[in-house]
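Heads up, the thing below is written out as structure tokens.
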Amino acid sequence: MKIQLKLLVLAAAFAPTLNEAAVNGPPEFARYYVAQHYAGPMARPLLATRQDKEFQTQLRRGAQGEPNFAGHYRMVTFGCGASCVMGAIINAQNGKVLWLPFTVCCGSDASARPVDFRPDSALIVINGMRNEKGDGTHYYVLKQDRLTLIDSRPR
């Protein structure tokens, strides 16, 4: 009896979370609105890791311009194969680099951008396969310099 009660309480606690995406539809940029926008000079990318140094030319080129993602970040994407892209997020204020933890390729929706984002939103939409697996639309949110998967919709 105690086990059944615990399972019932656990199911009730997670039910709103599990059904939220189904009821509300896919996440939208406006829901993850970022009000503050950095208007100062773009910091040079910090080349702290081996990967940063390997792709320093792409990072430096991509860091030219104003923030284009989540208020004070610059999203940089570049090709890494025939239909593959990789990306990094550069903090405009301090130059810290955060890499997407996967490559993006081969999406079945040819009209969708492989990596979609907005200057005033913390939402990133990945269209296609991540590391050549799982074709779909995948939704991530950037919070405190970390990407968190919030929804994934297979095709």
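Take the sequence shown: its letters are residues -21 to -1, 1 to 134, numbered as in mature numbering (1 follows the signal peptide of the UniProt record, and there is no 0).
Even glycine gets a Cβ: it sits at the ideal position worked out from N, Cα and C.
Proximal residues to residue i (C-beta, below 6 Å), its chain only, five neighbours per side dropped
{"i": "R97", "result": "F8"}
{"i": "I41", "result": "Per the sequence shown, the amino acid found at residue 41 is Gly instead of Ile. Counting only Cβ-Cβ distances below 6 Å, and skipping sequence neighbours, we find V55."}
{"i": "I103", "result": "F96 and Y119"}
{"i": "T127", "result": "V120"}
{"i": "G86", "result": "N106 and G107"}
Helix, strand or coil at residue i according to DSSP, with G and I counted as helix
{"i": "Y11", "result": "helix"}
{"i": "L38", "result": "helix"}
{"i": "D130", "result": "strand"}
{"i": "R97", "result": "coil"}
{"i": "N110", "result": "coil"}
{"i": "R125", "result": "strand"}
Sequence-distant residues of its chain with Cβ nearer than 8 Å to residue i (five each side left out)
{"i": "Y52", "result": "P46, I68, I69, N70, A71 and L121"}
Whole-angstrom distance between residue j and residue i, CA atom to CA atom
{"i": "G58", "j": "Q15", "result": "30 Å"}
{"i": "N3", "j": "Q30", "result": "38 Å"}
{"i": "A22", "j": "Q35", "result": "14 Å"}
{"i": "A91", "j": "H117", "result": "12 Å"}
{"i": "L38", "j": "L26", "result": "9 Å"}
{"i": "I105", "j": "G66", "result": "11 Å"}
{"i": "S131", "j": "G115", "result": "7 Å"}
{"i": "T43", "j": "G113", "result": "Note that residue 43 is Gln in the sequence shown, not Thr. Cα to Cα, the separation comes out at about 33 Å."}
{"i": "G50", "j": "S62", "result": "29 Å"}
{"i": "V13", "j": "G60", "result": "33 Å"}
Residue interval of the alpha helix (DSSP H) (run including residue i)
{"i": "D88", "result": "Run containing D88: none; DSSP gives neither H nor E here."}
Sequence-distant residues of its chain with Cβ nearer than 7 Å to residue i (five each side left out)
{"i": "Y17", "result": "P46, G50, H51, A71 and Q72"}
Within the region 51 to 83, ranges of the beta strand (DSSP E) (whole runs, at least 3 residues): 52 to 58, 63 to 70 and 76 to 78
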